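Under this note's numbering, the first residue of the sequence shown is numbered 27, with each subsequent residue one higher.
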Amino acid sequence: MRIHSDIKKVDFQTLVKPVVSLGTFDGVHRGHQAIIKRLLERAKEKNKVGLVVTYEPHPQSVVAPQSAPQVLTTLEEKLYLFERLGVQETLVIHFDKKLSQLKPEDFVKQILVKRLNAGEIIVGHDHAFGRNRSGKIELLDRASKKYNFELEVLPPVNTKDFSNDVAQAEVCPSTGCNKISSTKIRKELQEGEFIEGIKMLGHSYPIWGEVIRGKGRGKILDYPTINLKTTPAKLLPKDGVYSAKMQIQDKAYFGMLHIGPKPTFDDSSRSIEVHLFDANLDEFDSKACLFVESWIRELQKFDTPALLKNQLRADEKKIKEIFHIN
């Protein structure tokens, strides 16, 4: 996947009327996936380039930083998910105060038409853009006629139609829709409804970060861990123990993840620690790509480290059963 990070330095006129989808795409959830899937379908049908446009940082952190949400996906995680979906061209637009003040009409003319040379635009039903998010679908529709580009608006995706973790999302009916949204997913993850959050995401929850040195308690318990540090802007699921997977080049490692304080050791600092089965910790680089798979249990305070170790053995047994590891 080619990643363009400076809109002023890329000549999108050479793409010859690309099919474009744009948005924050926080979480790259099933609703976003439906948009990207349609983008790729239309690009293939028309033999054109499919271009995904996203923003960094999250627009809310610029417009109203005091109320900005933590993100479901950092830029690096988001780009990984785009590529996994088959996206070949991505433009990352730096979102700043100047861009936030751009009138919707000017956004269309200056960016979508002049810069991107868009031949078709595919967005979700609630897409909004420009100053104060005042540009709505109606304005895009008028602009499509004025500037001669096609516009396709996709309906929301329903949260109700999941029969299991890998169920396909279904389009919402016109009434009674409980649509997937990044806001809903954040709420589910923070409140401990991890399964529901993952169903709406449609993929494991990524936590990518810098490998840092811990206090060595895991090694003493015969459960050495990799400790991760991520950006404060990243939303972490509710404190607890989870099953997790870590990808290193072409090899997947499975393990048990701890998010939160260490009550047994009276340590209130929140940390991200993962013990990987059958892994040499010296193999890991300064950065690690972790994927949270399933919720296991709440954190507990044990009277002794030995009792904690017994619980870790039980956690290991349960997680190995989940991953079908002998």
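Don't be surprised by glycine CBs; every beta carbon is placed ideally from N, CA and C. Predicted model, so just to flag it, every value in this text is computed and none were measured.
Backbone CA spacing between residue i and residue j [nearest angstrom]
i	j	result
Asn253	Lys171	53 Å
Val139	Thr40	13 Å
Glu324	Val54	27 Å
His120	Gly76	20 Å
Arg157	Ser269	42 Å
His350	Phe38	48 Å
Glu146	Ser160	21 Å
Gln127	Gly218	37 Å
Glu82	Val118	7 Å
Phe133	Tyr173	13 Å
Leu180	Ile62	11 Å
Val267	His58	28 Å
Ala169	His301	53 Å
Thr4	Arg68	Nothing can be reported for residue 4: it is not among the residues displayed for the chain, which extend from 27 to 352.
Ile322	Ile345	8 Å
Close-in-space but distant-in-sequence residues of the same chain around residue i (CB under 7 Å, 5 per side omitted)
i	result
Asp167	Leu177
Phe310	Val237, Ile252, Ile274
Asp52	His84, Val97, Leu98, Thr99, Ser208
Residues near residue i in its chain [Cβ-Cβ closer than 8 Å; skip 5 each side]
i	result
Thr209	Pro95
Gln216	Leu261, Pro263, Lys264
Asp191	Caution applies to Asp191, whose pLDDT of 38 falls short of 50 and renders its modelled position unreliable; the model cannot decide the point.
Where residue i falls, given that 16 or more other Cβ within 10 Å makes a residue buried
i	result
Thr330	exposed
Lys288	buried
Ser312	exposed
Glu299	buried
Thr257	exposed
Val318	buried
Phe291	exposed
Ile29	exposed
Asp341	buried
Val42	exposed
Helix, strand or coil at residue i according to DSSP, with G and I counted as helix
i	result
Lys72	helix
His301	strand
Phe155	strand
Lys171	helix
His350	coil
Arg28	strand
Ser353	The question about residue 353 has no answer, for the chain in this structure spans 27 to 352.
Phe220	helix
Pro331	helix
Arg323	strand
Ala144	coil
Phe310	coil
Nonlocal neighbours in the same chain, by C-beta distance under 6 Å from residue i, ignoring five residues either side
i	result
Cys315	Trp234, Gln273
Gly112	Leu66
Leu48	Val79
Ile163	Val179
Heavy atom of the ligand SAH within 6 Å of residue i beta-carbon
i	result
Phe317	The model on display carries no ligand, and the ligand SAH is accordingly not part of it.
Ignoring anything shorter than 3 residues or poking outside the segment 246-279, list the beta strand (DSSP E) runs there in chain order.
252-255, 266-274
Ordered list of beta strand (DSSP E) runs contained in the segment 86-124, each at least 3 residues
115-120
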